[in-house]
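Protein chains in written order, with the numbering used here: chain A, 1 to 355; chain B, 1001 to 1309.
Okay, here's the thing in structure tokens:
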């Protein structure tokens, strides 16, 4: 009996090592690929996927800059791609192995961050918007489709202490700039000043700057309005339903415009398995596989071939499927450098310490 | 004999000394140097060594003519151009100070009680004091977020009581009060342990003698127990004050819109704003402020001892 066991263990061990030879290392945002999708890919490539996660671009960039190796594919947001290119971290994509690249909608190709898509291909996108407790906001008769819901003191008076905004200087300033009718990417000092005034006037009505726990606070009903990412609001609504709350978490775009974060797949220069990396990128660009990101994670899809597979209720959601008209009002944030970054940093500290 | 003694001394003190030099002294010096440099494009610092455009070989880019492009006092200037940084320092000291005082007020009776309990229970009681350390710090803070949240029973009970005396509901979560409550909770054991270690050693005969000589309960505490326990008080205060001062996770999680402390600002420089030089300046200023305070406390402490003699 013991011998049988030993043999079994040895066999298991050898099977395991045989598999271990084909491993794709994916470095991705938390909760940014459905487990089902991973399983399907493992089946199709006959390999194993090992995931590692980051919670912010700064974290990912810092880790790679410090020399972390062993990852094949990373999924950065637009503004993080130029630093990766300049630091010589990426390898050009071999388009001959990526037949599905044609599925990407032209609107998401050739962005300012990687002209010609030499290094990156779009994965999915989220919008930064306002999510809210549908019952409370209806009761109070507040219109959630304008940034006024987080910036206008007259509106905020009804929901004082029940609002959180992201703890992210770029996103909060972008929202305030758009509320004032400026570009989200403006760096004009007088426009920044105006945005800062808007923020400081609204701040006494906010409960907190929160990027960590607003999903939970919304789901519990502690917070009624949160500035955050569309995919998080999707998650909050699922959680609220699962907890059988008497309210849902609704979300939609603001009429003044929103920011859009497009995440793309890149292959690292140090990738141990560029062949598997190419297979993975091609797999995720397939219409059906891309649609799972929308159906299960709640992100927008830059993939034109995904539309037929997307659930009808997701298609009706303008935060996930913006119309051509709304698309024009979505802006991707550019990377700030040097003096502009320092100025914003100082203005943000002033906001944080303002009474 | 003397020689081998000296070797033994080095063998014992060498490893920790080496550890402190490598992981404390050298990084501190690097940080002090970083405070005079310019930020790099994508975090880090503007490199001093880079490829020569003509030859392509790596070489030192700084020369006698261009050192102003690489070294600067501007980062320190930034600290003083706007009063917000100094105000934030003051606020953080205030938070840490209040936390230390509340911890002291709560820990002193507790430590005294444990020290005066029958010996067989003392270890168990000390174990109970450090029990919270068995779970992760962040989990404990998240538990407080639930307790203080408007749907939590603690919050609801407090608002019920306030409602009876006609005061409107208060929000506990995301407030200064929440930051102080959690800071006190997190640091309380660090005050109890040194106080207990001190109080346990007190000679009870002194108190009996004082009583025989007609001292009241209050006089016995104020003239005997308190002065004797001062080393424990100072040790506990330092163990609470210094970590509380640099805390960033607690204000991040339970603080309101103006709850940030100096730790949050330093974290913001290194991560979000990618401005290592200014982050270094803030860290150096914080270290200096703590050293100044420690020196001041040492002076007072010495003065107190002289009076006692």
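Yeah, the Cβ is synthetic: ideal placement off N, Cα and C, and Gly gets one too.
This structure is a prediction, so every number in the text was calculated from the model and none was measured.
Which stretch, first to last residue, makes up the alpha helix (DSSP H) that contains residue 1124 (chain B)?
Locating residue 1124 (chain B) in the second chain gives position 124, where the first residue counts as 1. It spans 1119-1130 - the alpha helix (DSSP H) in which residue 1124 (chain B) sits, taken as one unbroken run.
Can you name the residues of chain B whose CB is closer than 7 Å to the CB of residue 349 (chain A)?
As a position in the first chain, residue 349 (chain A) is number 349, starting the count at 1. Within chain B, 1084, 1265 have C-beta atoms less than 7 Å from the C-beta of residue 349 (chain A), given in sequence order.
Residue 1273 (chain B) versus residue 86 (chain A): straight-line alpha-carbon distance, rounded
As a working note, residue 1273 (chain B) is residue 273 in the second chain. As a working note, residue 86 (chain A) is residue 86 in the first chain. The C-alpha of residue 1273 (chain B) lies about 19 Å from the C-alpha of residue 86 (chain A).
To the nearest angstrom, how far is the alpha carbon of residue 1034 (chain B) from that of residue 1061 (chain B)?
Taking the first residue of the second chain as position 1, residue 1034 (chain B) is located at position 34. Taking the first residue of the second chain as position 1, residue 1061 (chain B) is located at position 61. Approximately 16 Å, taken between the alpha carbons.
Bridge-paired residues (DSSP) for residue 25 (chain A)
As a first step, residue 25 (chain A) is located in the first chain; it is residue number 25 there, counting from the start. DSSP, once it has assigned bridges, lists A:50 as partnering residue 25 (chain A).
Determine whether the Cβ of residue 167 (chain A) lies closer than 9 Å to any Cβ atom of chain B.
Residue numbering aside, residue 167 (chain A) sits at position 167 when the first chain is read from its first letter. Judged by the 9 Å Cβ criterion, residue 167 (chain A) is in contact with chain B.
Can you confirm whether the stretch 50-66 of chain A touches the stretch 241-250 of chain A when touching is taken to mean that 3 or more C-beta pairs between the two stretches lie within less than 8 Å?
no
Just to check my reading of the structure: residue 1182 (chain B) and residue 1141 (chain B) have Cβ atoms closer than 8 Å, yes? What is that Cβ distance to the nearest angstrom?
Here residue 1182 (chain B) refers to the residue found at position 182 when the second chain is read from its first residue. Here residue 1141 (chain B) refers to the residue found at position 141 when the second chain is read from its first residue. Going by Cβ atoms, the distance from residue 1182 (chain B) to residue 1141 (chain B) rounds to 6 Å, so yes, they are a contact pair.
Rounded C-alpha distance that separates residue 291 (chain A) from residue 124 (chain A)
Within the first chain, residue 291 (chain A) is the residue found at index 291, counting from 1. Within the first chain, residue 124 (chain A) is the residue found at index 124, counting from 1. Approximately 10 Å, taken between the alpha carbons.
Relative to the alpha-carbon of residue 335 (chain A), which residue among A:161, A:43, A:113 has its alpha-carbon at the smallest distance?
The residue given as residue 335 (chain A) occupies position 335 in the first chain. Taking only the C-alpha atoms, the option nearest residue 335 (chain A) is A:113.
Quick one: using the 10 Å Cβ neighbour count with 16 as the cut-off for buried, is residue 254 (chain A) buried or exposed?
Counting from one through the first chain, the residue named residue 254 (chain A) turns up at place 254. Classification of residue 254 (chain A): buried, given that the 10 Å Cβ count is 16 or more.
Starting from residue 1071 (chain B), follow the beta strand (DSSP E) in both directions and report where the run begins and ends.
Looking up residue 1071 (chain B) in the second chain gives position 71. Note, residue 1071 (chain B): premise wrong, no beta strand (DSSP E); not H, not E.
Quick check on the DSSP output: the beta strand (DSSP E) that includes residue 1246 (chain B) runs from which residue to which?
The residue given as residue 1246 (chain B) occupies position 246 in the second chain. Following the DSSP letters along the chain, one finds residue 1246 (chain B) in no beta strand (DSSP E) but inside the alpha helix (DSSP H) bounded by residues 1226-1246.
Would you mind reading off the limits of the beta strand (DSSP E) that contains residue 227 (chain A)?
In the first chain, the residue the question calls residue 227 (chain A) occupies position 227. It spans 225-229 - the beta strand (DSSP E) in which residue 227 (chain A) sits, taken as one unbroken run.
For residue 315 (chain A) and chain B, any beta-carbon pair shorter than 9 Å?
Within the first chain, the letter at position 315 stands for residue 315 (chain A). False, the Cβ-Cβ gap to chain B never drops below 9 Å.
Contact with chain B by residue 342 (chain A), beta-carbon distance below 9 Å
On the first chain, residue 342 (chain A) is found 342 positions in, with the first residue counted as 1. Closer than 9 Å to some Cβ of chain B, the Cβ of residue 342 (chain A) qualifies, so yes.
Give the C-beta separation of residue 287 (chain A) and residue 103 (chain A) to the nearest angstrom, bearing in mind that I take them to be a contact with Cβ-Cβ under 8 Å.
As a working note, residue 287 (chain A) is residue 287 in the first chain. As a working note, residue 103 (chain A) is residue 103 in the first chain. At roughly 6 Å, the Cβ-Cβ gap stays under 8 Å, so residue 287 (chain A) and residue 103 (chain A) are in contact.
Selection from B:1122, B:1225, B:1013 that minimises the alpha carbon distance to residue 1199 (chain B):
The residue you call residue 1199 (chain B) lines up with position 199 of the second chain. Distances from the CA of residue 1199 (chain B) to each of B:1122, B:1225, B:1013 were compared; the closest alpha carbon is that of B:1225.
Proximity winner among B:1048, B:1031, B:1297, B:1208, relative to residue 1277 (chain B) (alpha-carbon distances):
Counting from 1 along the second chain, the entry for residue 1277 (chain B) is found at position 277. Of B:1048, B:1031, B:1297, B:1208, the residue nearest in Cα terms is B:1031.
Rounded straight-line distance, which links the Cα of residue 228 (chain A) to that of residue 361 (chain A):
Residue 361 (chain A) lies beyond the stretch modelled for chain A, which goes from 1 to 355, so this question has no answer here.
Could you check the C-alpha separation between residue 353 (chain A) and residue 46 (chain A) for me, to the nearest Å?
Here residue 353 (chain A) is taken as the residue at index 353 of the first chain, counted from 1. Here residue 46 (chain A) is taken as the residue at index 46 of the first chain, counted from 1. Cα-Cα distance, rounded: 54 Å.
Apart from the five residues just before and just after residue 1070 (chain B), which ones in its own chain have a Cβ nearer than 8 Å to its Cβ?
Counting from 1 along the second chain, the entry for residue 1070 (chain B) is found at position 70. If we look at residue 1070 (chain B) and ignore the five residues flanking it on each side, its Cβ neighbours are 1037, 1038, 1046, 1048, 1061, 1062.
Rounded C-alpha distance that separates residue 305 (chain A) from residue 176 (chain A):
Start at 1 with the first residue of the first chain, and residue 305 (chain A) comes out as number 305. Start at 1 with the first residue of the first chain, and residue 176 (chain A) comes out as number 176. Cα-Cα distance, rounded: 35 Å.
Given that residue 1171 (chain B) touches chain A, what residues does it touch there, using C-beta distances under 7 Å?
As a position in the second chain, residue 1171 (chain B) is number 171, starting the count at 1. Result: 161.
Pull up the CB-CB distance for residue 1251 (chain B) and residue 1260 (chain B), whole angstroms please, since I reckon it's below 8 Å.
Residue mapping note: residue 1251 (chain B) aligns to position 251 of the second chain, counting from 1. Residue mapping note: residue 1260 (chain B) aligns to position 260 of the second chain, counting from 1. A Cβ-Cβ separation of about 5 Å places residue 1251 (chain B) in contact with residue 1260 (chain B) under the 8 Å criterion.
Just list the residues that DSSP pairs residue 1168 (chain B) with in beta bridges.
In the second chain, residue 1168 (chain B) corresponds to position 168, counting from 1. Note: residue 1168 (chain B) sits in no beta bridge, so no partner.
Per DSSP, the bridge partner or partners of residue 263 (chain A)
The residue labelled residue 263 (chain A) in the question sits at position 263 within the first chain. BP columns for residue 263 (chain A) point to A:77, A:124.
Is the CB of residue 213 (chain A) under 9 Å away from at least one CB in chain B?
Within the first chain, residue 213 (chain A) is the residue found at index 213, counting from 1. It does: the Cβ of residue 213 (chain A) has a partner Cβ on chain B nearer than 9 Å.
If you reduce the DSSP assignment to three classes, tell me which class residue 132 (chain A) lands in.
Here residue 132 (chain A) refers to the residue found at position 132 of the first chain. Strand at residue 132 (chain A).
Cβ-Cβ distance between residue 344 (chain A) and residue 252 (chain A) below 9 Å:
As a working note, residue 344 (chain A) is residue 344 in the first chain. As a working note, residue 252 (chain A) is residue 252 in the first chain. Taking 9 Å as the Cβ cut-off, residue 344 (chain A) and residue 252 (chain A) do not qualify as a contacting pair.
Name the DSSP beta bridge partners of residue 300 (chain A), please?
Position 300 of the first chain, counted from the first residue, corresponds to residue 300 (chain A). Beta bridge pairing from DSSP links residue 300 (chain A) with A:125.
Which same chain residues, not among the five before or five after residue 347 (chain A), have their C-beta less than 7 Å away from its C-beta?
The sequence position of residue 347 (chain A) within the first chain is 347, counting from 1. Contacts found: 192, 196.
In angstroms with no decimal places, state the Cα-to-Cα distance between residue 263 (chain A) and residue 224 (chain A).
The count along the first chain starts at 1 and reaches residue 263 (chain A) at position 263. The count along the first chain starts at 1 and reaches residue 224 (chain A) at position 224. In a straight line, the C-alpha of residue 263 (chain A) is about 28 Å away from that of residue 224 (chain A).
Proximity test, Cβ basis, 9 Å: residue 247 (chain A) and chain B
Within the first chain, residue 247 (chain A) is the residue found at index 247, counting from 1. Not an interface residue.
Looking at the structure shown, is residue 357 (chain A) part of a helix, part of a strand, or coil, going by DSSP?
No answer is possible for residue 357 (chain A): the residues shown for chain A start at 1 and end at 355.
Are there 16 or more other CB atoms within 10 angstroms of the CB of residue 1151 (chain B), so buried, or fewer, so exposed?
For this step, residue 1151 (chain B) is matched to residue 151 along the second chain. It counts as exposed.
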